[in-house]
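Colleague: Before we start, here is the structure in question, set down as structure tokens.
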Amino acid sequence: MYSSRYKSTTLLLLLLFKTVLIFSQIKKVSKPRNPNGIFSFSAPEEVGFSSKGLSNIFTYVKENNINIHSLLIIRNKKIVFDACFYPFRSDLRHDIASCTKSVTSLLIGIAIDKGYIKGEDQLVASFFPEIKLTGKGFETLSIKDLLTMKSGFDCGFSNEDSLFHELFPSNNWPKFIFDVPFVTNPGQQFSYCSCNYYLLSEIIYRATRLSPEDFAKKYLFDDLGITSIYWSKNKQGINYGWGDLALKPHDMAKIGQLLLDGGQWNNKTIISAAWLKKAKTMNTVFPNENGYGYGFWIDKNHAYNAEGRGWQKIRVDSGHNAVVIITGGGVNEEDKERIGDIIGKSLHVDEKLEPDPVAYNNLKKLELQAEKADVDSPGNISIGGEKGKLFNKTIIFPKNSLAIESAEIIWKKGSLSLMLKQVGEQTVIYPLGMGTAYKFYQDAGSGHLYALRGYWKPSNEFEIEFNLLSKINKYLIDFKIGDHGNVVSIKEGTHKIDEVFPVTLRD
1 MYSSRYKSTT
11 LLLLLLFKTV
21 LIFSQIKKVS
31 KPRNPNGIFS
41 FSAPEEVGFS
51 SKGLSNIFTY
61 VKENNINIHS
71 LLIIRNKKIV
81 FDACFYPFRS
91 DLRHDIASCT
101 KSVTSLLIGI
111 AIDKGYIKGE
121 DQLVASFFPE
131 IKLTGKGFET
141 LSIKDLLTMK
151 SGFDCGFSNE
161 DSLFHELFPS
171 NNWPKFIFDV
181 PFVTNPGQQF
191 SYCSCNYYLL
201 SEIIYRATRL
211 SPEDFAKKYL
221 FDDLGITSIY
231 WSKNKQGINY
241 GWGDLALKPH
251 DMAKIGQLLL
261 DGGQWNNKTI
271 ISAAWLKKAK
281 TMNTVFPNEN
291 GYGYGFWIDK
301 NHAYNAEGRG
311 WQKIRVDSGH
321 NAVVIITGGG
331 VNEEDKERIG
341 DIIGKSLHVD
351 EKLEPDPVAY
361 NNLKKLELQA
371 EKADVDSPGN
381 ISIGGEKGKL
391 FNKTIIFPKN
401 SLAIESAEII
411 WKKGSLSLML
421 KQVGEQTVIY
431 PLGMGTAYKF
441 YQDAGSGHLY
451 ALRGYWKPSN
461 EFEIEFNLLS
471 KINKYLIDFK
481 IGDHGNVVSI
491 KEGTHKIDEV
501 FPVTLRD
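For what it's worth, the UniProt record's numbering labels the leading residue of the sequence shown as 1, then goes sequentially.
Structural data, given as structure tokens:
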């Protein structure tokens with residue numbers, strides 16, 4: 001999509017219409033005993049966690065229908081909690097959204113360590129000689145200003161969606177960004193602007209002659225044994241430094257462990273401790289006493305985090321020698337805090353608790369159950385009577401912000417599918433599970449997996465859950481057909497999409 005953080009006018013369909021159906025059944029994936037050579041599995045009690053306490057996570061997630069995809073807890077390099085929640089599964093990469101900014105910060109640090117870049121105080125203009133601008137903003141802008149979100153650009157939460165909408169069609173992204181006005185001098189004011197991190201990606205390429213992805217493979221990922229990645233890039237081949245990097249949860253954990261160990265991996269320095277110290281130092285302090293460093297969000301208790309939209313997180317807690325990895329599809333702040341409280345209350349000061357084999361076995365059972373559907377068999381979909389008017393009809397949309405031209409819910413030989421047509425794009429047909437059962441669609445390029453199902457609501461609206469799953473977004477598409485008009489509504493929480501369209505049905 002255009003942004004891993006913001007809604008764009010073609011947000012939904014740009015994600016949906018370039019994919020290939022791979023399979024319609026989840027395959028079983030067994031967890032290896034030593035998944036990556038650095039971690040090992042352990043009973044929680046061996047490192048001070050309570051199995052019984054951690055089991056409460058499953059209860060809370062199920063009772064409150066929390067849209068979490070995976071949760072991984074590691075202490076002293078021991079994996080004590082490793083859960084994927086249906087329909088996500090452990091062998092999938094997951095879009096880590098703005099956690100990517102933290103990775104980009106690490107790559108800048110590595111480039112400085114290796115002499116490709118002089119330092120974070122180097123002026124940005126020195127990398128862009130073709131940009132002919134004058135004024136204090138451009139002439140004094142430093143790499144540090146980009147890292148700390150103090151560039152001074154008129155760019156932030158309120159207007160970045162519209163900036164992205166204009167940025168993506170541009171053939172010259174640096175020029176477009178530098179044409180954004182400066183509203184303050186660099187270094188003065190925090191404003192969360194993802195464009196800053198695209199410029200950092202450009203700087204990595206211009207300094208090293210390697211794309212950020214290739215530079216990361218050579219100096220970061222290969223050493224950590226991270227071999228399965230996907231990172232979106234523009235037409236010039238420059239990866240989005242702000243987001244859209246996809247990693248497996250266990251590979252996210254490797255990055256967290258690298259940070260916890262001060263940049264060391266298997267007795268090799270991957271990134272200097274000096275850079276990590278700067279990265280996790282508060283450059284901006286917020287009213288709640290938390291802060292922001294070089295691409296990292298720092299807690300007042302000095303734990304620090306890579307964070308992304310939808311609840312993507314790499315949490316590094318040096319005080320407890322722990323790493324927590326989370327992927328999700330949109331979780332509200334109250335539920336995040338509640339799950340955090342459950343984890344915190346499960347950790348005891350002592351490094352080791354008395355063994356509790358009954359609670360531990362129950363925890364492992366709950367982990368296995370979380371990966372499975374509550375109901376494995378498809379539900380039945382009624383298509384008789386008035387309800388039948390919805391199926392096998394072309395649904396014509398008015399001109400709309402999501403660029404949907406038409407749709408059709410196809411019922412054929414006892415199977416459901418959804419056909420969507422985007423303006424200017426090819427028609428694509430997606431398989432639909434029925435009731436509680438999903439069917440799956442996998443993007444041929446990125447490997448992102450989508451989960452889809454359709455069902456009748458008590459209000460006689462037919463709802464399709466179009467869950468982009470490893471791409472974070474979960475869309476709820478409601479079809480209401482009646483004598484007083486036909487309406488389709490589309491909602492998605494992480495981008496705050498809530499659209500209603502009057503539609504026309506044609507045979």
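All C-beta atoms in this analysis are idealised placements derived from N, C-alpha and C, irrespective of residue type, glycine included.
(1) Can you round the beta-carbon distance between D356 and E45 to whole angstroms, since I take them to be within the 8 angstroms contact cut?
(2) Anyone know if the C-beta pair for H448 and A246 falls short of 9 angstroms?
(3) With 16 other CB atoms within 10 Å as the buried threshold, where does P174 fall?
(4) What residue does the alpha helix (DSSP H) around Y60 start on, and which one ends it?
(5) Alpha carbon to alpha carbon, how far is L258 from T269? Give it in angstroms, no decimals.
(6) Is the region 110-117 close to the region 269-286, with three or more CB pairs under 8 angstroms?
(7) If you draw a straight line from the C-alpha of K248 to the C-alpha of R75, how long is it?
(8) Sorted by chain position, which residues of the same chain lie with C-beta nearer than 8 angstroms to G263's C-beta, five sequence neighbours on each side aside?
(9) F190 by DSSP, collapsed to three states: which one?
(10) Nearest to L133 by alpha carbon, out of I117, W242 and P181?
(11) Is there contact here, the region 493-501 with the region 333-349, by at least three beta-carbon pairs under 8 angstroms?
(12) Applying the criterion that 16 or more other CB atoms from any shown protein chain within 10 Å of the CB defines a buried residue, is V124 buried or exposed?
(13) Quick one: what's S70 bridged to in DSSP?
(14) Under 9 angstroms between the Cβ atoms of A322 and F296?
(15) May I ask which residues mark the beginning and end of the beta strand (DSSP E) holding residue 526?
(16) When you compare each of F397, F153, S51 and K457 to I73 by their alpha carbons, which one comes out closest?
(17) Specify the secondary structure class of F397 as computed by DSSP and reduced to three states.
(18) What separation, rounded to the nearest whole angstrom, lies between the Cα atoms of L418 and N467?
(19) Tell me which residue opens and which closes the beta strand (DSSP E) that G256 is part of.
(20) From I395, Y205, F168 and G156, pick the residue whose C-alpha is nearest to that of V183; which is it?
(21) With respect to the alpha helix (DSSP H) encompassing S102, which residues constitute its N-terminal and C-terminal limits?
(22) Using a threshold of 9 angstroms, state whether the C-beta atoms of E120 and S142 are closer than that.
(23) Given 8 angstroms as the limit, is there contact between the region 209-219 and the region 227-240, that is, 3 or more CB pairs closer than that?
(24) Within the same chain, show all residues whose beta-carbon is closer than 8 angstroms to that of C193, passing over the 5 residues directly before and after it, in chain order.
(25) With DSSP as the reference, label S211 as helix, strand or coil.
(26) Looking only at its own chain, which residues have a Cβ that is under 8 angstroms from the Cβ of F178, when we skip the five neighbours before and after it?
Modeller: Looking at the coordinates:
(1) With 8 angstroms as the limit, D356 and E45 qualify as a contact, their Cβ atoms being about 6 angstroms apart.
(2) yes
(3) buried
(4) Counting along the chain, the unbroken alpha helix (DSSP H) around Y60 starts and ends at S51 to E63.
(5) 10 angstroms
(6) The count of Cβ pairs closer than 8 angstroms, one atom from the region 110-117 and one from the region 269-286, reaches three, so the stretches are in contact.
(7) 19 angstroms
(8) T269, I270, I271, S272, A273, W275 and L276
(9) coil
(10) Nearest C-alpha to L133 among I117, W242 and P181: P181.
(11) no
(12) buried
(13) C84 and T327
(14) Not closer than 9 angstroms, so no.
(15) The shown model of the chain, from 1 to 507, leaves out residue 526, and the question about it has no answer.
(16) S51
(17) coil
(18) 13 angstroms
(19) That residue, G256, is in no beta strand (DSSP E); its alpha helix (DSSP H) goes P249 to L260.
(20) Closest option to V183, Cα to Cα, is G156.
(21) C99 to D113
(22) yes
(23) Three or more Cβ pairs drawn from the region 209-219 and the region 227-240 lie within less than 8 angstroms of each other, which places the two stretches in contact.
(24) M149, S151, F153, C155, G156 and E160
(25) coil
(26) F128, I131, L133 and F138
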